[in-house]
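Step one of this worksheet: look at the structure below.
In full-length UniProt numbering, the protein residues as written are 1 to 246.
Given below as structure tokens:
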């Protein structure tokens, strides 16, 4: 982390991963002279074993914002995107801008129940699906991205708990309550893009500026698939919402 008077950034990771998935963005933001904090959510990384709840996640994120000065650009991917949308709606005075990536599908879809049952079954198998997780990471990510995402370890027993918890979230209503500019970012091949238009309409009803970014060639883990492009989006968002830079 580097010190500066400019608006800081708080980064919120995806499910089963940790703060280390943001290493490329942390380097880029620090190189730009920004204060940046990547958090570990409950049940992940340094908080492995801590019960996962939405309120617990909110406390972690808000504490991080308070630690870097009380307001920040909030950036989240996948699970972190859903939580960031909710945190921004609950804490309008603390979030000056929101970058929500890989989360343009309502978590209350009927398929979530099937995913949760499958996750519970995998968590009960020997190794809790560690072999499957390793295969998917190798198949989907570059060597550098594999190293970044693995550095903080994998939370292999939190999936079902987290899926249950996020089933109460309503991101469309939360976006309507947004009190800050919003960037909705997806990889072109992200399977979580199914409700992009609904998300854009909801964010637009807030009266705040909304930008939609689709990163060519990238999939769900857009910040790992296209780290330079994603970092540019975050830096652009900072230049837009930071009154000191403006």
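The C-beta atom is built at its ideal place from N, Cα and C for all residues, glycine as well.
Notebook entry, point to check: DSSP state of residue 22, grouped into three classes?
Noted result: helix
Item checked: Euclidean distance between Cα positions of residue 48 and residue 18 -> 10 Å
Check: Which class does residue 133 belong to by DSSP, given the choice of helix, strand or coil?
Finding: helix
Note to self: Once the 5 residues before and after residue 32 are set aside, which same chain residues still bring their CB inside 7 Å of it?
What the structure shows: 235
Notebook entry, point to check: For residue 192, is the classification buried or exposed, using 16 other Cβ atoms within 10 angstroms of its Cβ as the cut-off for buried?
Noted result: buried
Margin query: Let's test the definition: count the other Cβ atoms within 10 Å of the Cβ of residue 101 and tell me whether it reaches 16, buried, or not, exposed.
Written below: buried
Notebook entry, point to check: Grouping DSSP H, G and I as helix and E and B as strand, with all else coil, what is residue 204?
Noted result: helix
Next item on the list: Could you please give the first and the last residue of the uninterrupted alpha helix (DSSP H) stretch that includes residue 165?
Entry: 159–166
Notebook entry, point to check: Would you report the Cα separation of residue 69 and residue 50, rounded to the nearest angstrom?
Noted result: 26 Å
Check: If you count every other CB in all the chains shown that lies within 10 Å of the CB of residue 22, and 16 or more means buried, which is it?
Finding: buried
Check: From the DSSP output, which residues share a beta bridge with residue 97?
Finding: 73
Item checked: 6 Å CB neighbourhood of residue 11 in its chain, flanking five on each side removed -> 22, 38 and 75
Item checked: Test item: CB-CB of residue 222 and residue 228 under 8 Å -> no
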